[in-house]
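K.L.:
Under the working numbering, think of the first position of the sequence shown as 18, with each following residue one higher. I have a structure I would like to understand better, so I am pasting it below and will then ask my questions one at a time.
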Amino acid sequence: MTNQLPRQRRRVTGRRALAACAVAALCALTAALPAAADTGASPAPSSARPLSLPAPSGRYRVGEVDLHLVDHSRPDPWRSGQGRRELMVSVYYPATHTAGRPAAPYMLPEAATHFADVTANGYLDLHVPAGRADWARTVTHVTRGAPVAAGRGGRLPVLLYSPGLGEPRTWGTTLAADLAARGYAVVTVDNTYESPEVQFPDGSLATLTMPSDADAFVRKALDVRVTDTGFVLDQLQALNSGRNPDADGQPLPRGLAGALDPAEVGMFGHSMGGTAAALAMDADHRIGAGIDMDGNLTYLDGSLMPVAQHGLDRPFLFLGKDGKTDTGPGWQAFSAHTPGWNRQLTLLGSEHGSFTDAEALVPQLRLRPCERADDIGTIDPATAIRTNEAYVSAYFDHWLRGSSGRLLDGPSPKYPDMVFVK
Numbered sequence: 018m019t020n021q022l023p024r025q026r027r028r029v030t031g032r033r034a035l036a037a038c039a040v041a042a043l044c045a046l047t048a049a050l051p052a053a054a055d056t057g058a059s060p061a062p063s064s065a066r067p068l069s070l071p072a073p074s075g076r077y078r079v080g081e082v083d084l085h086l087v088d089h090s091r092p093d094p095w096r097s098g099q100g101r102r103e104l105m106v107s108v109y110y111p112a113t114h115t116a117g118r119p120a121a122p123y124m125l126p127e128a129a130t131h132f133a134d135v136t137a138n139g140y141l142d143l144h145v146p147a148g149r150a151d152w153a154r155t156v157t158h159v160t161r162g163a164p165v166a167a168g169r170g171g172r173l174p175v176l177l178y179s180p181g182l183g184e185p186r187t188w189g190t191t192l193a194a195d196l197a198a199r200g201y202a203v204v205t206v207d208n209t210y211e212s213p214e215v216q217f218p219d220g221s222l223a224t225l226t227m228p229s230d231a232d233a234f235v236r237k238a239l240d241v242r243v244t245d246t247g248f249v250l251d252q253l254q255a256l257n258s259g260r261n262p263d264a265d266g267q268p269l270p271r272g273l274a275g276a277l278d279p280a281e282v283g284m285f286g287h288s289m290g291g292t293a294a295a296l297a298m299d300a301d302h303r304i305g306a307g308i309d310m311d312g313n314l315t316y317l318d319g320s321l322m323p324v325a326q327h328g329l330d331r332p333f334l335f336l337g338k339d340g341k342t343d344t345g346p347g348w349q350a351f352s353a354h355t356p357g358w359n360r361q362l363t364l365l366g367s368e369h370g371s372f373t374d375a376e377a378l379v380p381q382l383r384l385r386p387c388e389r390a391d392d393i394g395t396i397d398p399a400t401a402i403r404t405n406e407a408y409v410s411a412y413f414d415h416w417l418r419g420s421s422g423r424l425l426d427g428p429s430p431k432y433p434d435m436v437f438v439k
């Protein structure tokens, strides 16, 4: 790819601050986030520690491939004069013959540098001491490019993952890999110029376009995400029919083409990604089931989003953090207007970041107890991860695979930290 993306993306420019009001479950950000200095593309200090994600709990090994997708029919909505929309996605899938193949990196080098310099302590406010973590060398238990293992019935249900505002798509790797190990194809999506950092195959880096009007920014970002989601689904259908949608023509893992089940599609997301899941389902009936993890259904001015006003005709699950939250009005309105199946659950002792990789990675950063609790709450991290994985997989197993769904019927003594609100 040459000359399609501005070269200035290669460097972080200026100081970063996101002036958005804190509908916290909508954006994962509060008003006036701390600014982060421009340090350029500096490598991680030699003393930085590689972190590790928990191994997936499913029966399969996990493979991964990155795809560079180009929408030639649509100009980029964030950059005037850029005649086509470009996205990066990662596909996680059950894999075989992984021995001897390279591990999939958690973040590519330029993206990892930007995450360390700007995103971690700026957008996500993680309290990470300088030089403490080497994000590029984080261990994922995922193999790059391995052949696809046939799932149950020979085809893989497809799940789309949308991250929160200020979060890269990699921030949901723990859950994506776990679902892939259970026999799903999980596609994580970065929404270019709204994602904090997106590294393209030529090494260029696209970073977040800062808003001048927070409410207008959120409304536009959600609209763009819905359109991006529809485009990604179109490209997955092309892949499934044997065409390679990757703009750079990188070879696909053996067995991936034709392995997807286009009739069984779900979507889940964290914070604004959870909001996007509800809105994308409302716009695209190819998505049969969705999960919103602590994302609001009201705009920054408090008005209800359309999907909260009329609900959905397909199943939807809300997973919320513990304590006082402003997701209430939107979630309650949605439930009141949705005659079909919907549930609202709360993870006791959790914080907003507990539904992301923060739950696995923050404990390795050796933070002060108050900082750690601010990031991921007081719940035991292993318990939070195990509980989230159990309920998310049970939900999709029920609605996309026809499993019993008994875990969704009421409280379970096996997972006492998950409380049924509705």
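For each residue, glycine too, the CB sits at the ideal point set by N, CA and C. This one's a predicted model, so the numbers in the text were calculated from it and none came from an experiment.
In the structure shown, what three-state DSSP assignment does Pro430 receive?
P.N.:
On the sequence shown, residue 430 is found 413 positions in, with the first residue counted as 1. Pro430: coil per DSSP, three-state reduction.
K.L.:
What whole-angstrom Cβ distance do Val156 and Leu70 have, given they're in contact under 8 Å?
P.N.:
Mapped onto the sequence shown, residue 156 falls at position 139. Mapped onto the sequence shown, residue 70 falls at position 53. Contact flag correct, Cβ pair sits at about 6 Å.
K.L.:
When you compare the stretch 328-339 with the stretch 306-319, are there three or more beta-carbon pairs, one atom per stretch, that lie closer than 8 Å?
P.N.:
Touching, yes, given that three or more Cβ pairs across the two stretches are closer than 8 Å.
K.L.:
Do Arg172 and Tyr178 have their C-beta atoms within less than 9 Å of each other?
P.N.:
As a position in the sequence shown, residue 172 is number 155, starting the count at 1. As a position in the sequence shown, residue 178 is number 161, starting the count at 1. Taking 9 Å as the Cβ cut-off, Arg172 and Tyr178 do not qualify as a contacting pair.
K.L.:
Grab me the residues of Ala5's own chain with a C-beta within less than 6 Å of its C-beta, minus the 5 sequence neighbours each way, in chain order.
P.N.:
Coverage of the chain is limited to positions 18 through 439, which leaves residue 5 absent and any answer about it impossible.
K.L.:
Spell out a yes or no on whether the stretch 158-165 and the stretch 135-145 are touching, meaning 3 or more CB-CB pairs, one atom from each, closer than 8 Å.
P.N.:
Cβ pair count under 8 Å is below three, so no.
K.L.:
When we look at the beta-carbon of Val4 and count the other beta-carbons within 10 Å, is it buried (16 or more) or exposed?
P.N.:
With the chain covering 18 to 439 only, the question about residue 4 has no answer from this structure.
K.L.:
Considering only residues of the same chain and omitting the five flanking positions on each side of Leu321, which have a CB-CB separation below 8 Å?
P.N.:
If you number the sequence shown from 1, residue 321 lands on position 304. Excluding sequence neighbours, Leu321 sits near Leu314, Thr315, Pro346, Gly347 and Ala350.
K.L.:
Expressed to the nearest angstrom, what Euclidean distance is found between the alpha-carbon atoms of Ala36 and Gln254?
P.N.:
By one-based count along the sequence shown, residue 36 stands at place 19. By one-based count along the sequence shown, residue 254 stands at place 237. At Ala36, the pLDDT of 28 sits below 50, so the modelled position is not reliable; the number obtained from the coordinates is stated separately. If I take the Cα positions, the gap works out to 38 Å.
K.L.:
Can you list, in chain order, the residues of its chain whose CB lies under 6 Å from that of Ala390, leaving out five sequence neighbours each side?
P.N.:
Counted from its first residue, the sequence shown places residue 390 at position 373. Answer for Ala390: no residue qualifies.
K.L.:
Indicate the three-state DSSP secondary structure (helix, strand or coil) for His287 in the structure shown.
P.N.:
Locating residue 287 in the sequence shown gives position 270, where the first residue counts as 1. Strand.
K.L.:
Since Thr363 and Val438 should fall inside the 8 Å C-beta cutoff, what is the C-beta to C-beta distance between them, to a whole number of angstroms?
P.N.:
If you number the sequence shown from 1, residue 363 lands on position 346. If you number the sequence shown from 1, residue 438 lands on position 421. So it is a contact: roughly 6 Å between Cβ atoms.
K.L.:
Span of the beta strand (DSSP E) holding Ile308?
P.N.:
Numbered from its first residue, the sequence shown carries residue 308 at position 291. It spans Ala306 to Met310 - the beta strand (DSSP E) in which Ile308 sits, taken as one unbroken run.
K.L.:
According to the Cβ coordinates, are Leu239 and Val282 closer than 9 Å?
P.N.:
To locate residue 239, count along the sequence shown from 1; it is residue 222. To locate residue 282, count along the sequence shown from 1; it is residue 265. No, the Cβ-Cβ distance between Leu239 and Val282 is not below 9 Å.
K.L.:
In three-state DSSP terms, what is Leu35?
P.N.:
Here the question's residue 35 lines up with position 18 in the sequence shown. Only weak support exists for where Leu35 lies, its pLDDT of 34 falling under 50; the value from the coordinates is given anyway. Three-state result, Leu35: coil.
K.L.:
Just mark Gly219 as buried or exposed, buried being the case when its beta carbon has 16 or more other beta carbons within 10 Å.
P.N.:
Within the sequence shown, the letter at position 202 stands for residue 219. Inspection of the sequence shows that residue 219 is occupied by Asp rather than by Gly. So Asp219 counts as exposed.
K.L.:
Spatial neighbours of Gly259 within its chain, please: CB distance less than 8 Å, with the 5 preceding and 5 following residues excluded, ordered by chain position.
P.N.:
Mapped onto the sequence shown, residue 259 falls at position 242. These residues qualify, in order along the chain: Ala274 and Gly275.
K.L.:
From this set, Arg383, Val436, Pro398 and Ile393, which residue's C-alpha is nearest Ala65's C-alpha?
P.N.:
By one-based count along the sequence shown, residue 65 stands at place 48. The shortest Cα separation from Ala65 among Arg383, Val436, Pro398 and Ile393 belongs to Arg383.
K.L.:
Starting from Asp151, trace the alpha helix (DSSP H) in both directions and tell me its first and last residue.
P.N.:
To locate residue 151, count along the sequence shown from 1; it is residue 134. Looking at the DSSP string, Asp151 is not in any alpha helix (DSSP H); the run it does join, the beta strand (DSSP E), is Ala150 to Val156.
K.L.:
If we count the other Cβ atoms within 10 Å of its Cβ and call it buried at 16 or more, is Lys341 buried or exposed?
P.N.:
Taking the sequence shown and counting its residues from 1, the one referred to as residue 341 is at position 324. Burial call: exposed.
K.L.:
Does the stretch 70-84 touch the stretch 104-122, meaning 3 or more C-beta pairs lie closer than 8 Å?
P.N.:
Judged by Cβ distances under 8 Å, the stretch 104-122 makes contact with the stretch 70-84, as three or more pairs qualify.
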